[in-house]
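Structure first, then comments.
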Amino acid sequence: MNDNNPLQVDVCIVGAGPGGALLSYLLNRQGISTALIERQPHLHKSFRGELLNQDGEAVLSKHGLYSGVAQLGAMPLEQIQYWENGQIIHTVYPGEGESHVGIHVPQDHLLDFIVSQSQALPHNHETVLFNTVITGLLRDKTGKTVGINVRQYGVPSSIEAAIIVGADGRYSAVRKYAGLTPDIRKHGYDLLWARIPAPVGWEPAVRMASMNGQQLALFSQFGGYVQIGWNIPQGSFSKLREQPFAPFVEKLVEAFPCLAESVAAHIQTWSDFVLLSVESSYSESWTQDNVVLLGDAAHTMTPTGAFGLNAALEDADALAEIITRMASDQFQSMDLLKQLQMIRSSKVKQQLARQVEMESSFQQRYESLR
Ligand SMILES: Cc1cc2nc3c(=O)[nH]c(=O)nc-3n(C[C@H](O)[C@H](O)[C@H](O)COP(=O)(O)OP(=O)(O)OC[C@H]3O[C@@H](n4cnc5c(N)ncnc54)[C@H](O)[C@@H]3O)c2cc1C
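Sequence positions in the sequence shown follow full-length UniProt numbering and run 1 to 370.
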């Protein structure tokens with residue numbers, strides 16, 4: 001692939017996250033050629049949403065992918081526990097007909113499995129390009145978008161495609177190049193994120209505590225880990241880290257005494273936490289001619305309620321069906337791409353609203369459990 005001899009595909013997908021990887025696989029299975037481009041050197045990225053809910057599980061199962069992902073390793077979580085002063089005060093069990101309250105799936109497992117299944121298809125039409133960053137949209141003399149410009153290992157080149165998909169996450173470059181502007185919403189909190197080994201005998205569950213009115217959550221993870229998500233007031237981390245560290249981390253141990261040993265061994269300084277600036281966004285339009293957005297690029301969610309990964313998988317599923325129909329017509333009408341937003345926007349907006357409601361009523365709900 002170089003400027004004189006650009007890669008030519010039906011669909012160019014920017015971003016090999018869950019949404020992009022699944023879409024590429026589903027199109028590849030239909031004989032539609034794709035280029036899946038990813039700026040990272042591999043699929044193994046840390047600090048991603050990894051809790052699959054019933055919706056995400058249903059999409060993977062529908063396409064025969066869930067059992068393979070689970071074989072690589074996944075952990076169904078059995079309950080949500082609410083804790084206070086080191087004790088469980090309330091437990092939520094799976095609803096009727098449900099066997100878990102969410103499944104921890106390491107994103108490595110999810111992405112590795114989907115991409116390897118795609119590459120192993122008897123007739124593979126997918127080209128995966130790592131270390132490749134989109135640098136702009138490629139236009140013909142009439143101004144029509146006919147592909148994208150990229151830098152692969154720092155070398156400029158281009159990819160020609162009938163459709164360009166922005167699956168490149170919350171800071172989507174495709175969205176910017178297509179002139180699609182999202183409404184961004186702050187939620188009044190940021191998140192401190194850390195992962196430590198789970199204590200021996202740790203049951204697979206989500207554990208919640210209220211820390212000065214803010215949510216402190218623990219998620220059991222496959223492989224014997226606990227993911228800690230600690231909400232702090234928005235923009236407060238720089239002030240917080242001027243304070244002594246020990247009294248801060250002691251609060252974590254007071255809330256969950258069983259973590260004492262693991263916290264002492266693995267969370268010793270402020271740098272052992274990763275700060276995530278929390279915001280959500282919604283693009284009024286998800287399409288611009290033959291450019292379409294999905295997942296976080298179209299609608300970034302906050303970590304609350306663990307909807308984002310699942311919404312990206314549902315988008316990919318819906319978009320694959322739309323593009324498959326378009327392929328049977330040699331991609332004559334790009335208007336069909338607008339159907340993605342028509343099909344998906346109502347559920348996505350409900351989930352965004354639900355997150356705000358869950359965040360604002362957290363303390364009140366907690367008090368009602370006491
Ligand atoms: C702390 C935290 C916890 C979360 N927890 C959960 C959870 O438990 N469950 C859940 O459902 N959701 C969760 N989410 C949300 C979830 O992570 C996202 O909604 C989901 O990853 C979106 O998938 P995606 O495929 O749209 O984008 P992403 O997963 O963001 O993937 C985008 C890909 O595009 C690549 N990329 C970006 N820019 C470029 C570029 N210019 N050129 C080429 N490639 C590019 C990126 O490297 C990345 O691989 C969480 C989010 C956060 C921040």
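Think of the CB as a built atom: it goes at the ideal place given N, C-alpha and C, for glycine as much as any other residue.
Alpha-carbon spacing of Q152 relative to S24, whole angstroms: Distance from the CA atom of Q152 to the CA atom of S24, rounded to whole angstroms, is 19 Å.
Beta-carbon spacing of H125, T34 below 9 Å: Yes. Within cutoff.
For M75 and F222, the rounded distance between their alpha carbons: M75 has its alpha-carbon roughly 5 Å from the corresponding atom of F222.
Completely contained beta strand (DSSP E) runs for the segment 231 to 281, where each covers 3 or more residues: The segment 231 to 281 contains these whole beta strand (DSSP E) runs: 274 to 276.
Range of the contiguous alpha helix (DSSP H) that encloses I323: For I323, the enclosing alpha helix (DSSP H) covers residues 308 to 327.
Whole-angstrom distance between Y82 and V206, CA atom to CA atom: C-alpha separation (whole angstroms): 9 Å.
Contact check, V14 vs A162, beta carbons under 9 Å: Taking 9 Å as the cut-off, the Cβ atoms of V14 and A162 do not count as close.
Distance cut-off 8 Å: V165 Cβ against heavy atoms of ligand 1: No, since every heavy atom of ligand 1 falls outside the 8 Å radius drawn around the Cβ of V165.
Beta-carbon proximity check, L293 vs S280, cutoff 9 Å: In this structure, the beta-carbon distance from L293 to S280 does not fall below 9 Å.
7 Å CB neighbourhood of N310 in its chain, flanking five on each side removed: Apart from sequence neighbours up to five positions away, the residues of its chain that approach N310 with a beta-carbon distance below 7 Å are L52, N53, D55, G56, ordered along the chain.
L26 beta carbon near ligand 1 (any heavy atom closer than 8 Å): Judged by the Cβ position, L26 fails to qualify as a neighbour of ligand 1 at the 8 Å threshold, every heavy atom of the ligand being at least this far.
Local conformation of F331 per DSSP, three classes: Coil.
Spatial distance of G102 from T142 (CA atoms): Annotation: G102 to T142 spans about 49 Å, alpha carbon to alpha carbon.
Short Cβ contact (9 Å threshold) for Q355 with T302: Yes, Cβ-Cβ distance for Q355 and T302 is below 9 Å.
Cutoff 6 Å; reference A173; Cβ partners in own chain excluding five residues on either side: By the criterion of a C-beta distance shorter than 6 Å, A173 is surrounded in its chain by I134, once the five residues flanking it on both sides are discounted.
Euclidean distance between Cα positions of A297 and Y171: Rounded to whole angstroms, A297 and Y171 show a C-alpha spacing of 7 Å.
Contact test: I228 Cβ vs ligand 1 heavy atom, cutoff 8 Å: False, no ligand heavy atom lies under 8 Å from that Cβ.
Assigned exposure category for Y189 - 16 Cβ within 10 Å defines buried: Y189 sits buried, since 16 or more C-beta atoms from the chains shown fall within 10 Å of its C-beta.
S157 CB to nearest heavy atom of ligand 1 below 8 Å: Short note on S157: C-beta not closer than 8 Å to any heavy atom of ligand 1.
Residues of its chain near D317, where Cβ-Cβ distance is below 6 Å and the 5 sequence neighbours each way are ignored: Once the five neighbours on either side are set aside, the close Cβ partners of D317 are V59.
Anticipated Cβ contact below 8 Å, A167 with G20, distance rounded: Confirmed, Cβ separation roughly 3 Å.
M208, buried or exposed, once every other Cβ within 10 Å from all chains shown has been counted against 16: It counts as buried.
Opposing strand residues paired with M208 [DSSP bridges]: Looking at the DSSP assignment, M208 forms a beta bridge with Y82, A217.
Helix, strand or coil at L191 [DSSP, three-state]: Strand at L191.
Sub-9 Å separation of I196 and I267 beta-carbons: I196 is a Cβ neighbour of I267, given a cutoff of 9 Å.
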